[in-house]
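Student: First the structure, which I've put down as structure tokens, then a few questions once you've had a look.
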Amino acid sequence: MPLLQPKCLDDEAKTALLSLANRCHARGWALATSGNFSARIDGESFAITATGRCKGTLAEVDLLTVDLAGNPLSVGRPSAETPLHAQIYRRRPDAGAVAHTHSMPATVLSRALAAEGALVLTGYEMAKALAGVTSHEATIRLPIFPNDQDVHRLAAKIDDSIGDDDRVHGYLLEGHGLYTWGRDIAEASRHLEAIEFLLQCVLHARR
Ligand SMILES: [Zn+2]
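This is the structure in structure tokens:
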């Protein structure tokens, strides 16, 4: 039974999350209602974009509150991929925001490299945009998981594989897209921009 007045993000966080979604749509990373974005409210709940909405025209009403199991606490249908966001908030207490995009480079590379199980990067200055990375010589590893329409099963598989490993800044879903997160919306946004840039570099280099 949804609460009448669920907890929600403060106004500044709402604006930042909607702005992130809007920018991703403008860049072609979240077209045709794809992608989803969330931010932690507290230790028990987070706000996530509603399912089926254009990410270029989201409004505050499209941010719904769910608990850390992904159950709705407000009226409306949260993203179908809410269990994947919930997995991150449960296992990573420091995670304050999650961004998920369906960009062309993430889609193409996750298919091309699926058999290898990960995209491994080294030698890129841009990697230093990722929390804890201090040198271009660091090795960045983005695990690639097979896509699965059963998102609860997929979330469990990801949980078993990477758990709370703080060396992992994000992962790819095969033929689907990218998940990344950060301490807050600003850091998740920075990680997203950096990883999407790195994916574009790898794609160009392979052509
Ligand atoms: Zn998706």
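First residue of the sequence shown: 8, per our numbering; consecutive thereafter. Virtual Cβ for every residue (Gly too), placed ideally from N, Cα, C.
What three-state label does DSSP hand His107 in the structure shown?
Tutor: If DSSP states are grouped into helix, strand and coil, His107 belongs with the strands.
Student: Quick one: Cα of Ser117 to Cα of Leu179, how far?
Tutor: Roughly 6 Å separates the two Cα atoms.
Student: Under the three-state reduction of DSSP, which class applies to Leu10: helix, strand or coil?
Tutor: For Leu10, the predicted structure reports a pLDDT of 49, less than 50, and the residue's modelled location is therefore unreliable. A value from the coordinates is still provided. Coil at Leu10, not helix or strand.
Student: Whole angstroms are fine: how far does the CA of Ile151 sit from the CA of Ala125?
Tutor: Roughly 5 Å separates the two Cα atoms.
Student: Shortest alpha-carbon distance to Ala66 belongs to which of Ile147, Ala23, Asp101?
Tutor: That would be Ala23, whose Cα lies nearest to the Cα of Ala66.
Student: For Arg97, which residues from the same chain have a beta carbon less than 7 Å from its beta carbon, with the 5 sequence-adjacent residues on both sides left out?
Tutor: The answer, listed in chain order, is Leu75.
Student: Sorted by chain position, which residues of the same chain lie with C-beta nearer than 7 Å to Gly63's C-beta, five sequence neighbours on each side aside?
Tutor: So the list reads Asn29, His32, Ala33, once near-sequence residues are dropped.
Student: Within 8 Å: the Cβ of His109 and any heavy atom of ligand 1?
Tutor: True, at least one ligand heavy atom lies under 8 Å from that Cβ.
Student: Leaving aside the five residues before and after Ala3 along the sequence, list all residues of the same chain whose C-beta is less than 6 Å from its C-beta, in chain order.
Tutor: Because the chain spans 8 through 214 in this model, residue 3 falls outside it and cannot be assessed.
Student: Expressed to the nearest angstrom, what Euclidean distance is found between the alpha-carbon atoms of Leu10 and Leu80?
Tutor: Confidence is the limiting factor: at Leu10 the pLDDT is only 49, short of 50, which leaves the residue's position unreliable and the question unanswerable from this model.
Student: If you draw a straight line from the C-alpha of Arg197 to the C-alpha of Ala136, how long is it?
Tutor: Each residue's alpha carbon lies about 7 Å from the other.
Student: Any chance the CB of Ser41 is under 8 Å from a heavy atom of ligand 2?
Tutor: You won't find ligand 2 in this model; what it holds is ligand 1.
Student: Which of the three DSSP states is assigned to Val73 in this structure?
Tutor: Val73: strand per DSSP, three-state reduction.
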